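Number of protein chains: 2
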Amino acid sequence: MKELPLSHVYELIEPGPVVLLTTARNGRPNVMTMSWHMMVEFEPPLIACVVSDADFSFAALRATRECVIAVPAVELAAKVVKVGNSSGRDIDKFEAFGLTPLPAERVTPPLVGECFANLECRVADSRFVNRYDLFILEVLKAWVDPAQKKPRTIHHHGFGRFVVDGETIRLKSKMR
Amino acid sequence: MKELPLSHVYELIEPGPVVLLTTARNGRPNVMTMSWHMMVEFEPPLIACVVSDADFSFAALRATRECVIAVPAVELAAKVVKVGNSSGRDIDKFEAFGLTPLPAERVTPPLVGECFANLECRVADSRFVNRYDLFILEVLKAWVDPAQKKPRTIHHHGFGRFVVDGETIRLKSKMR
Chain A
51 MKELPLSHVY ELIEPGPVVL LTTARNGRPN VMTMSWHMMV EFEPPLIACV
101 VSDADFSFAA LRATRECVIA VPAVELAAKV VKVGNSSGRD IDKFEAFGLT
151 PLPAERVTPP LVGECFANLE CRVADSRFVN RYDLFILEVL KAWVDPAQKK
201 PRTIHHHGFG RFVVDGETIR LKSKMR
Chain B
51 MKELPLSHVY ELIEPGPVVL LTTARNGRPN VMTMSWHMMV EFEPPLIACV
101 VSDADFSFAA LRATRECVIA VPAVELAAKV VKVGNSSGRD IDKFEAFGLT
151 PLPAERVTPP LVGECFANLE CRVADSRFVN RYDLFILEVL KAWVDPAQKK
201 PRTIHHHGFG RFVVDGETIR LKSKMR
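Quick mapping for you: the protein sequence lines, in order, are chains A and B.
Start counting the first sequence at 51; every next residue gets the next number (our numbering).
Start counting the second sequence at 51; every next residue gets the next number (our numbering).
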């Protein structure tokens with residue numbers, strides 16, 4: 051994994067890909083699938099996300115205030131769905147689905163070795179957790195896998211229907 | 051425009067498309083481009099979004115507490131970028147870029163006639179506006195244009211680079 055400057059993190063999250071979220075509690079890592087997230091600030095990068103209190107990851111995230119957001123390319127789609135269909139209450143999803151936990155640098159939850167980008171995050175604001183299960187995360191460190199060229203992400207339309215990245219178009223924009 | 055059941059709204063927002071946001075103040079409609087948004091609740095649909103206080107739309111949204119989120123397909127990409135490159139302080143963007151404001155049913159800001167989906171919204175929670183420019187919107191009414199078949203949305207990767215929806219894949223998912 052190669053370090054990604056924090057100023058580039060929004061380019062990963064703003065397009066709305068399905069991502070994985072890892073947590074760790076009592077020495078046990080877990081991973082869930084997530085699509086409800088958005089950028090809140092460019093730098094330092096702030097990301098808002100919703101983790102339902104019905105998810106096993108919720109208690110770990112709230113208690114430890116740490117997570118990793120890992121961005122999978124389409125080749126991982128089947129595993130991403132399996133992660134979403136199961137709970138860390140019942141199984142070790144890393145082992146069950148052949149995902150590789152790699153040590154992070156700034157947080158305890160692991161990176162996901164198969165993902166093309168990994169963002170080490172801490173909870174920066176939990177004031178909307180009780181009301182909306184909404185966490186504000188600060189990205190502390192970002193990594194990309196240079197071996198994965200032009201990764202195509204997936205976008206969830208509900209009930210296992212995903213749209214895969216297609217062509218890229220470029221227009222003269224002042225928008226960052 | 052045909053009404054869309056509110057339970058289907060997340061299928062539009064969750065995949066992360068670039069959207070337009072309309073507001074209206076003192077009888078004057080305006081429109082901006084936005085990519086920082088996410089679902090917060092399925093039904094009634096709640097959407098979080100960030101509208102920078104540097105945007106002309108910010109004051110209108112905060113004061114009137116109403117907006118419309120309009121979802122453009124790729125055919126509108128050039129206009130979407132023009133909307134993002136200009137300010138309602140200076141011009142009437144509907145007129146300048148040939149976008150058609152249509153009356154909404156529950157709010158004052160207009161629908162955008164050229165967009166394949168339009169969501170009439172009110173601000174449901176503004177407690178994070180001062181800190182993060184983050185609004186929680188409730189969708190009151192949703193519309194889709196049945197004439198636009200299989201619309202392909204665009205996803206912003208920064209500086210005018212957009213990825214267009216490609217192929218669709220289906221996997222057996224319990225995830226809504």
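Glycine residues also receive a C-beta, built at the ideal position from the N, C-alpha and C atoms.
This one's a predicted model, so the numbers in the text were calculated from it and none came from an experiment.
- At a cut-off of 7 Å between beta-carbon atoms, B/Met225 makes contact with chain A.
- For B/Asn135, a Cβ of chain A is located within less than 7 Å of the residue's own Cβ.
- For A/Glu217, the enclosing beta strand (DSSP E) begins and ends at 211-220.
- As DSSP reads the structure, B/Phe185 sits in a beta bridge with B/Cys99.
- If you keep only unbroken alpha helix (DSSP H) runs of at least 4 residues inside the segment 90-167 of chain B, you get 106-114, 127-135, 143-147.
- Between B/Lys222 and chain A, the shortest Cβ-Cβ separation is below 7 Å.
- Contact annotation for A/Phe108 against chain B: no contact, minimum CB-CB distance about 15 Å [criterion: below 8 Å].
- Taking all protein chains shown into account, B/Glu125 has fewer than 16 neighbouring C-beta atoms within 10 Å of its C-beta and is therefore exposed.
- Judged by DSSP in its simplified three-state form, B/Asn76 adopts coil rather than helix or strand.
- At least one CB atom of chain A sits nearer than 7 Å to the CB of B/Ser85.
- Relative to the Cα of B/Glu93, the nearest Cα in the group B/Ala123, B/Thr83, B/Phe185, B/Pro55 belongs to B/Pro55.
- Here the alpha carbon of B/Leu71 sits roughly 5 Å from the alpha carbon of B/Val81.
- One alpha carbon belongs to B/His206, the other to A/Pro95, and they sit about 16 Å apart.
- Secondary structure of B/Val59 (DSSP, three-state): coil.
- Here DSSP, grouped into helix, strand and coil, assigns B/Val173 to strand.
- With respect to the 7 Å criterion, A/Leu152 and A/Leu161 are classified as neighbours on the basis of their beta carbons.
- Taking a cut-off of 8 Å for Cβ pairs, the segment 177-189 of chain B and the segment 132-140 of chain B do not touch, as fewer than three such pairs fall below it.
- The bridge partners DSSP lists for A/Lys191 are A/Glu170.
- DSSP places A/Val69 in the strand class (E or B) of the three-state scheme.
- Contact between B/Met84 and A/Trp86 is absent: CB atoms are separated by about 16 Å, not below the 8 Å threshold.
- For the segment 187-218 of chain B, the set of residues with a beta-carbon nearer than 9 Å to any beta-carbon of chain A comprises Arg202, Thr203, Ile204, His205, His206, His207, Gly208, Phe209, Gly210, Arg211, Phe212, Val213, Val214, Asp215, Gly216, Glu217, Thr218, in chain order.
- Residue contact with chain A for B/Met82: absent (no Cβ-Cβ distance below 7 Å to any residue of chain A).
- The continuous beta strand (DSSP E) containing A/His205 extends over residues 204-206.
- Taking C-beta atoms as the reference points, A/Val101 and A/Leu62 fail to come closer than 7 Å.
- In its chain, beyond the 5 residues on either side, Met89, Phe92, Pro95, Arg226 have a beta carbon closer than 8 Å to the beta carbon of A/Tyr60.
- By the criterion of at least three beta-carbon pairs nearer than 8 Å, the segment 199-214 of chain A is in contact with the segment 213-226 of chain B.
- For B/Lys52, DSSP records a beta bridge to B/Val194.
- Within the DSSP secondary-structure output, B/Val81 pairs in a beta bridge with B/Thr72.
- DSSP lists no beta-bridge partner residue for B/Met225.
- Rounded to whole angstroms, the Cβ separation of A/Ala74 and A/Thr203 is 25 Å, and the two are not in contact under 8 Å.
- For the segment 156-187 of chain B, the set of residues with a beta-carbon nearer than 9 Å to any beta-carbon of chain A comprises Asp175, Arg177, Phe178, Arg181, Tyr182, Asp183, Leu184, Ile186, in chain order.
- Around A/Ala174, the same chain offers Leu96, Ile186, Leu187, Glu188 as residues with beta carbons nearer than 7 Å, after the five sequence neighbours per side are excluded.
- Exposure of A/Glu53 is indicated by the presence of fewer than 16 other C-beta atoms within 10 angstroms of its C-beta.
- Not a single C-beta of chain B is nearer than 7 Å to the C-beta of A/Gly138.
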